[in-house]
Amino acid sequence: MKNLIRIEDLSKEEILEILHLAKEMKNNPEKFRDKLKGKSLATLFFQPSTRTRISSSLAMQKLGGNIVNLYETKFEKVMGNSESFKDTIRVIGDYVDLICLRHNLEEAPFIAEKNTNTRIINCGNGKDEHPTQALLDLFTIFEEFKRLDNLKIVLIGDLKNSRSAHSLLVALSFFENNEITLISPKSLQIDLDSLCFKGDIKIKVSSKNTMCDEDIIYMCGLVHDEYNPETSFAELNKYQITEDTIKKLKPTAIILCPLPRVGEIDVKVDKLPQAKYFKQSRNGLFVRMAIFLKMLREKEEEELIKEGKKILSIVMGQLRNQRTEQFRNQEFKLDGVKRYFMIPFEEGGEQPLFWLPTVGCSYARSKFGGCTMCNYGGAIVKLSDEILLRKFVETLEDPVIKAFPNLNYGGQGSFFDDSEHSPNLRKRMLEEVAKREWVKRFACESRPEFITEDKIKQMRDILDDKKIEIGLGLESTTCIVREGIINKNFNEEAYSNFLDYAKEFDLEISLDVMFKPNVLTEKEAIEDVVKTIKDILKDVDETHPIKWIILMVMNIKPNTLIEWEYKKGLYQPPLLWSVVEILKRLTNRERKFIKIAGFDSGIKPLKYATNEDETTNEFISVLKTFGSNHDFKLIEELSKKYFGSSSFKEWESRMNIKTEELSKRLEKFYELLKEEFKL
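Under my numbering, think of the first position of the sequence shown as 1, with each following residue one higher.
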């Protein structure tokens, strides 16, 4: 979340994250007292404000930050002759970390974000939007109903000019099965086509003040002012909320209002249990605290990752050179010896996955140096297409390979990378696969940026009706983990395009998720994997091309950064109890997508994930077969059987480790790398 201009700038997950953080802040504000110490906020209000301006200032103050207020009558409409709005934003943006902006012009926040790199929060732009108000509205609703879906909601009043109503309507569209009634004079009805809804939402429009079984009444204001000169006082009074209005509602209904009120809610309503608008106003403090902390944390993480990737690229480059020499001397012969190892087979047992010694992953050969856990880059000298094709054909005749209907080809990076598999080699390999009737499914791997529609079409044309599975290494949906720790770039746009190709050409997709990257604690790694799996599957149904999530349990391969950390005593592979815990935290539906890998490897690791006691072999056996049987009862029985064992106690100990925030630990890790690798 770089800026918060409109509520649609957020995802549903980001909205929920803000609400959960606000709840934590409300319950324990002292915990967050100095989280933004040294940071500064400028509140630039070119329109009058009470609650938003004061709660924004107090929110930053309670987080330990500093506040600069620009709020004077002469600045309410324009800056005057001395300085333009653009220049004002540019100058103040250079002074502070965050700007809260209110302006009478709808385009103001969009102009602001183009003229500064400082984070911008829109606190109201004319009649357009008020996203922080919508978030505190959602927070209050969630506090009262413990849900944000399956609600009946009435928005009443001047809906045409209410920026709070506009933002709330869009915010509600992120959630399911909400029924919304819009009640206003015809002259003040909202233009629904102007709003960017995020999902299906049931909306009924009425000019009659009829309410009975609604859960929430949201009064948007009824003011006879410059925005609303044509509506008479008598007509506006028809929509007033009084004690008689409340009597028609069910007892559990609540009344909300962004405030101020000017007679649209009778003061006698204040004492009734349904009146929640002052509580709603108080909640604004905690919601804005959560927004500020989230935005500035993300900004710090972006800057940390940017600096960290420079360090990791140099370190990984040094390790890559060591790998190159080792692989040339020990691991591969120059004629391209084929290798394979066994992976879980969906029908039970195991099946082979094989690869050929190509030039390796181009990402690892690039200036970025590759991923911290991987040693596939720059492994060998380049072999000719003829040698690679000959070894590929020989592999297809291997009895071990032919015993299975699935042909699983790993390469050493990306099948669709022309620098690793030339277009001619790739075409000829696919033609060899097409000739063999015993191959029912061909599986390969690639980074998304190498996948094009033409390449996928060619593959489908050659393989005809054979099933095709393409694996991608996503690793994590958390940016600081994927980019700042694993050192993996992931092209989101290319991935989105690939999903479209997969649907068009009937492909299946598997996504690798990494468990447990370096720097993360056992608990953090579990939480990151569970979050990633849920992120992946939130929009996946039976028609979606994503069929599998491969949980890659970390092992320690030679000449990797993980190995260096392990030898320094800075890293331990995960305990198998943690894999069990991940499965426990998933739903039955989510578990059916999971395969577990990492217990076998093409290049023998220094150490696999283990329990460090007699339970290890049984755990590995059950976990390896989970991808084929998805029998969670076996997992539960295993967990009960060894509950209280020495490995379980060690796991509990790891789960209770208290540490600094991840960003602080990562910053120290980068400094250690600079020192150890003499950067």
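Positions of the beta carbon are idealized from the N, C-alpha and C atoms, including for glycine.
From the DSSP output, in three-state form, read off residue i for me.
| i | result |
| --- | --- |
| Q458 | helix |
| P448 | helix |
| I190 | coil |
| R441 | strand |
| K681 | The requested residue 681 does not occur in the structure, where the chain is confined to residues 1 to 679. |
| V267 | helix |
| K391 | helix |
| G336 | The pLDDT assigned to G336 is 42, lower than 50, so where the model puts this residue is not dependable, and the model offers no usable value. |
| F354 | strand |
| A253 | coil |
| I7 | helix |
| M373 | coil |
| I706 | This structure cannot speak to residue 706, because the chain is shown only from 1 to 679. |
| H224 | With a pLDDT of 48 at H224, under the threshold of 50, the modelled position of that residue is not reliable, and no figure is offered here. |
| F327 | Bear in mind that the predicted position of F327 carries a pLDDT of just 48, short of 50, making it unreliable; the figure below should be weighed with that in mind. Helix, per DSSP. |
| A379 | In this predicted model, A379 has a pLDDT of only 48, less than 50, meaning its place in the structure is not dependable; the value taken from the coordinates is given anyway. It is coil, neither helix nor strand. |
| V359 | coil |
| M295 | helix |
| N27 | helix |
| M219 | strand |
| G124 | strand |
| V680 | Past the boundaries of the shown model lies residue 680; the chain is included only from 1 to 679, so the question cannot be answered. |
| I153 | strand |
Determine the contact status of residue i and residue j, defining contact as a CB-CB distance below 8 Å.
| i | j | result |
| --- | --- | --- |
| E493 | R482 | no |
| D149 | E179 | no |
| R441 | L388 | no |
| M25 | A253 | no |
| K279 | T140 | yes |
| D266 | I241 | yes |
| G413 | T358 | yes |
| L511 | E590 | no |
| L259 | R53 | no |
| A165 | I190 | yes |
| S40 | G65 | yes |
| T616 | T532 | no |
| I480 | I305 | yes |
| L430 | K391 | no |
| F110 | I7 | no |
| I36 | L70 | Ile is not the amino acid found at residue 36; the sequence shown has Leu there. Going by C-beta atoms, L36 is not nearer than 8 Å to L70. |
| P448 | Y495 | yes |
| I582 | V530 | yes |
| R426 | S55 | no |
| A134 | S167 | yes |
| Y670 | L606 | no |
| I217 | V154 | yes |
| V519 | R665 | yes |
| L195 | L159 | no |
| A409 | F450 | According to the sequence as given, residue 409 is Tyr; it is not Ala. Contact: no. |
My assumption, with CB atoms under 8 Å, is that residue i sits in contact with residue j. Please give the rounded CB distance.
| i | j | result |
| --- | --- | --- |
| E17 | K294 | 7 Å |
| A112 | I89 | 5 Å |
| N593 | I620 | According to the sequence as given, residue 593 is Phe; it is not Asn. About 21 Å; that fails the 8 Å criterion. |
| Y239 | G157 | 6 Å |
| G627 | K595 | 3 Å |
Using only alpha-carbon positions, find the residue among the options that is nearest to residue i.
| i | options | result |
| --- | --- | --- |
| G471 | I550, T532, I401, V91 | I550 |
| L319 | L304, R282, M373 | M373 |
| K435 | D464, F32, K62 | D464 |
| E614 | E637, L499, S647 | S647 |
| L662 | Q47, E522, D128, I201 | E522 |
| P273 | L195, P251, N283 | P251 |
| W564 | E676, V580, E504 | E676 |
| I509 | I485, V540, N487 | V540 |
| L296 | P605, L63, K198 | L63 |
| F292 | I468, L499, C123 | C123 |
| H421 | T395, E386, E394, E437 | E386 |
| E618 | L634, H630, P605 | L634 |
| H20 | K658, G317, N283, Y218 | N283 |
| K503 | K488, N27, E542 | E542 |
| N117 | L155, E302, I596 | E302 |
| C220 | H130, F174, K382 | H130 |
For this session: Starting from the N-terminal side, write out each stretch of the beta strand (DSSP E) that is 3 residues or longer and does not extend beyond the region 468-494.
Result: none
Problem set entry | Entirely enclosed beta strand (DSSP E) segments - the region 34-119, minimum 3 residues | 40-45, 66-70, 98-103
Exercise. Along the chain, which unbroken stretches of the alpha helix (DSSP H) at least 4 residues long are found entirely within the region 507-568?
Worked result: 522-537, 561-567
For this session: Please go through the region 155-202 and give each complete alpha helix (DSSP H) segment of 4 or more residues, from N-terminal end onward.
Result: 163-172
For this session: Report the residue ranges of all beta strand (DSSP E) runs contained in full by the region 572-640; include only those spanning at least 3 residues, in chain order.
Result: 594-597
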